[in-house]
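Structure first, commentary second.
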Amino acid sequence: MRAEEWNERYEAGRQWSAEPNALIAALLSGLPPGEAVDLAAGEGRHALWLAGRGWRVTAVDFSDAGLERGRGRDGADRVAWVPADVRTWSAPPASLDLVLVAYLHLPEDDAAALFPRTVEWLRPGGRLLVLGHDVANIEHGVGGPQEPSILHSVERLDPVAALLDVDRLEQVPRRTPAGTALDTLLWGRRKG
Ligand SMILES: C[S@@+](CC[C@H](N)C(=O)[O-])C[C@H]1O[C@@H](n2cnc3c(N)ncnc32)[C@H](O)[C@@H]1O
């Protein structure tokens, strides 16, 4: 989807969620705070949550309307809000302790180009967390985009996992009011 389409969604008042995803919160709550980027942050639910736990967070998204909603929330002044396309935006090499990419769904080539770049931004031992809709969700889950080419899978994330010391690379269920959705999780550390 283009930035204009995301702007329309956010302007129509459709909120992804104000709360962090439960799995993301569980994985990140044990980490000491550091420097983080929330890539495709939308309204910044994770950026705001991290900032509230002492992280220095940059929230990047190409939807001005999404970022505007984030800027309106409590604690927003603790987050750096950056309007940018994640396909061209960059952090300095080895500058981050965490890159979070939650429910960003790009065409396959764009995703394949982006994820290895995110690893370069991490300090040795820094964490990459990718969570998003799994391709199997179309047939066996609920909700989410229905276009297979933009969805995640363990196989599609394998090349970026090869650049990391991987703690988890797997399909994970997520309970929703409409039923169980299927996500893909990649959780690993930069080698070195
Ligand atoms: C489903 S929302 C997820 C937002 C947030 N990560 C969360 O979990 O609440 C997807 C977000 O990706 C953003 N997005 C999609 N493609 C993008 C791109 N190429 N550059 C920057 N942001 C993008 C959209 O604007 C939208 O805010």
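In our numbering, the protein residues as written are 929 to 1120.
The beta carbon of each residue, even a glycine, is placed where N, CA and C say it ideally should be.
Note down the Cα distance separating residue i from residue j, rounded to an integer number of angstroms.
{"i": "Ser1018", "j": "Glu1048", "result": "10 Å"}
{"i": "Ala1039", "j": "Trp1115", "result": "16 Å"}
{"i": "Arg1001", "j": "Ala979", "result": "12 Å"}
{"i": "Leu1042", "j": "Pro1087", "result": "12 Å"}
{"i": "Leu995", "j": "Asp1095", "result": "31 Å"}
{"i": "Ile1066", "j": "Thr1104", "result": "15 Å"}
{"i": "Asp1093", "j": "Met929", "result": "32 Å"}
{"i": "Trp977", "j": "Thr1108", "result": "24 Å"}
{"i": "Ala950", "j": "Arg973", "result": "12 Å"}
{"i": "Val964", "j": "Gly1054", "result": "For the record, residue 964 in the displayed sequence is Ala; it is not Val. Answer to the nearest angstrom: the Cα atoms are 9 Å apart."}
{"i": "Arg1118", "j": "Pro1021", "result": "12 Å"}
{"i": "Leu1097", "j": "Val985", "result": "25 Å"}
{"i": "Gly982", "j": "Ala953", "result": "14 Å"}
{"i": "Asp1025", "j": "Arg1051", "result": "6 Å"}
{"i": "Pro1127", "j": "Leu1056", "result": "The shown model of the chain, from 929 to 1120, leaves out residue 1127, and the question about it has no answer."}
By the 10 Å Cβ neighbour count, where 16 or more other Cβ atoms means buried, how is residue i classified, buried or exposed?
{"i": "His1068", "result": "exposed"}
{"i": "Thr1016", "result": "exposed"}
{"i": "Ser1090", "result": "According to the sequence displayed, residue 1090 carries Ala and not Ser. Exposed."}
{"i": "Asp1037", "result": "exposed"}
{"i": "Ser991", "result": "buried"}
{"i": "Arg997", "result": "buried"}
{"i": "Ala870", "result": "Nothing can be reported for residue 870, as the shown portion of the chain is limited to 929 through 1120."}
Taking DSSP's pairing of strands, which residues face residue i in a bridge?
{"i": "His1061", "result": "Asp1111"}
{"i": "Trp1009", "result": "Ala987"}
{"i": "Ala1101", "result": "Contrary to the premise, residue 1101 reads as Pro rather than Ala in this sequence. Looking at the DSSP assignment, Pro1101 forms a beta bridge with Leu1110."}
{"i": "Gly1116", "result": "Leu1056 and Val1094"}
{"i": "Glu963", "result": "Arg984"}
{"i": "His1080", "result": "Asp1062"}
{"i": "Ala931", "result": "Paired residues: none, contrary to the question."}
{"i": "Leu1026", "result": "Ala964 and Arg1055"}
Using CA atoms only, rank isn't needed, just tell me which of the options is closest to residue i.
{"i": "Asp989", "options": "Pro1011, Arg999, Leu956 and Ser1081", "result": "Pro1011"}
{"i": "Leu1028", "options": "Gly982, Glu1036, Pro1035 and Thr1046", "result": "Thr1046"}
{"i": "Glu933", "options": "Gly1120, Leu1056 and Ala993", "result": "Ala993"}
{"i": "Ile1078", "options": "Asp1111, Gly982, Leu1057 and Pro1101", "result": "Asp1111"}
{"i": "Gly962", "options": "Leu1085, Ser1023, Arg999 and Val1070", "result": "Ser1023"}
Quick one: is the Cβ of residue i within less than 7 Å of any heavy atom of ligand 3?
{"i": "Ala1030", "result": "As for ligand 3, it is missing from this structure, which binds only ligand 1."}
Counting Cβ pairs closer than 8 Å, one from the region 1006 to 1015 and one from the region 963 to 972, do we hit at least three? A contact exists between the region 1006 to 1015 and the region 963 to 972.
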